[in-house]
Amino acid sequence: AQSVTQLDSQVPVFEEAPVELRCNYSSSVSVYLFWYVQYPNQGLQLLLKYLSGSTLVKGINGFEAEFNKSQTSFHLRKPSVHISDTAEYFCAVRVTGGGNKLTFGTGTQLKVEL
Amino acid sequence: GAVVSQHPSWVICKSGTSVKIECRSLDFQATTMFWYRQFPKQSLMLMATSNEGSKATYEQGVEKDKFLINHASLTLSTLTVTSAHPEDSSFYICSASIRSGQGGGIYGYTFGSGTRLTVV
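Sequence order for the protein chains is Y and W. Under the numbering used here, think of the first position of the first sequence as 31, with each following residue one higher. Under the numbering used here, think of the first position of the second sequence as 61, with each following residue one higher.
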């Protein structure tokens with residue numbers, strides 16, 4: 031069975047600083063990878079996804095992520111964060127042929143401070 | 061495109077009563093709907109997967125008689141929490157898979173805005 035590990039439960043960062051949110055997955059087969067953002071009491075909004083092709087994926091709000099198959103990672107990065115980026119971020123994986131279900135990581139709370 | 065509308069956004073009910081949560085796909089046909097439960101500061105836990113016109117598939121440990129899922133049409137799926145108790149208080153989120161055309165592969169998922177259920 032696949033699993034997703036988000037190593038950091040909380041990441042504090044100052045505004046305009048760069049940030050990286052880490053995500054590692056375990057799967058013996060091909061995967062699709064997703065990053066979602068959740069604001070308080072709201073559903074999930076897709077930031078970006080990797081299905082195939084270029085390993086560097088650009089998403090909304092200036093976020094990007096790089097799929098690294100050898101390290102089984104899909105870290106999320108932003109070169110300069112804003113106060114409005116404060117939210118919970120979830121990494122998720124879907125295993126090809128695995129019944130279309132998403133498996134989520136435990137989430138990382140990004141807190142941007144002035 | 062591919063918007064899922066979830067209602068209500070929040071509900072308070074008395075212990076022992078039932079609550080129905082609706083998710084509607086507004087501009088596409090949702091052949092598959094996923095229902096998640098999220099406790100405070102925790103991740104999303106998949107409760108069940110429903111396909112239009114067939115019985116839902118529940119994850120291990122989820123009581124199918126307590127959490128009734130109906131997916132009778134391609135645009136509507138409902139979750140009914142029966143005989144709710146305080147421990148059922150949680151944030152419930154639905155999600156639909158998005159296909160590339162009819163019968164195409166899944167290339168994404170769209171989520172409802174969630175329902176905060178409080179049982180008193």
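Just so it is clear, CB atoms sit at the ideal spot from N, CA and C, and this is done for glycine as well. None of these values were measured; they are calculated from a predicted model.
Taking 8 Å as the threshold (beta carbon to beta carbon), is residue 153/W in contact with chain Y? Yes, contact with chain Y.
With a CB to CB cut of under 8 Å and the five nearest residues on each side skipped, what residues in its chain are close to residue 180/W? 72, 73, 74, 75, 146
Could you check whether the Cβ of residue 113/W sits closer than 8 Å to any Cβ belonging to chain Y? Using a Cβ-Cβ cut-off of 8 Å, residue 113/W does not count as an interface residue toward chain Y, since no Cβ of chain Y sits closer than that to its own.
Leaving out five residues on either side along the sequence, give the residues of the same chain with a beta carbon under 6 Å from the beta carbon of residue 74/Y. 66, 68
Check whether the Cβ of residue 134/W lies closer than 8 Å to any Cβ atom in chain Y. no
Of the residues that make up the segment 113-136 of chain Y, which ones have a beta carbon closer than 7 Å to any beta carbon in chain W? If the cut-off is 7 Å between Cβ atoms, the segment 113-136 of chain Y has 120, 130, 131, 132, 134, 135, 136 near chain W.
Are the C-beta of residue 73/Y and some C-beta of chain W separated by less than 8 Å? yes
I need the boundaries of the beta strand (DSSP E) containing residue 104/Y, first residue and last residue. 103-108
Between the Cα of residue 84/Y and the Cα atoms of 142/Y, 138/Y, 62/Y, 49/Y, which residue gives the shortest distance? Nearest of 142/Y, 138/Y, 62/Y, 49/Y to residue 84/Y, Cα basis: 62/Y.
Is the segment 105-123 of chain Y touching the segment 43-57 of chain Y in the sense that three or more CB pairs, one from each, lie closer than 8 Å? yes
Applying the criterion that 16 or more other CB atoms from any shown protein chain within 10 Å of the CB defines a buried residue, is residue 125/W buried or exposed? The residue is exposed, with fewer than 16 neighbouring Cβ atoms inside 10 Å.
Segment contact, 8 Å Cβ cut-off, at least three pairs: the segment 126-139 of chain W with the segment 77-93 of chain Y: Taking 8 Å as the limit for Cβ pairs, the verdict is that the segment 77-93 of chain Y does not touch the segment 126-139 of chain W.
When you compare only the Cα positions, how much space is there between residue 117/Y and residue 114/W? Rounded to whole angstroms, residue 117/Y to residue 114/W spans 36 Å at the Cα level.
Where residue 8/Y sits in the DSSP three-state scheme: Given that chain Y is displayed from residue 31 to residue 144, the structure contains no residue 8/Y and the question cannot be resolved.
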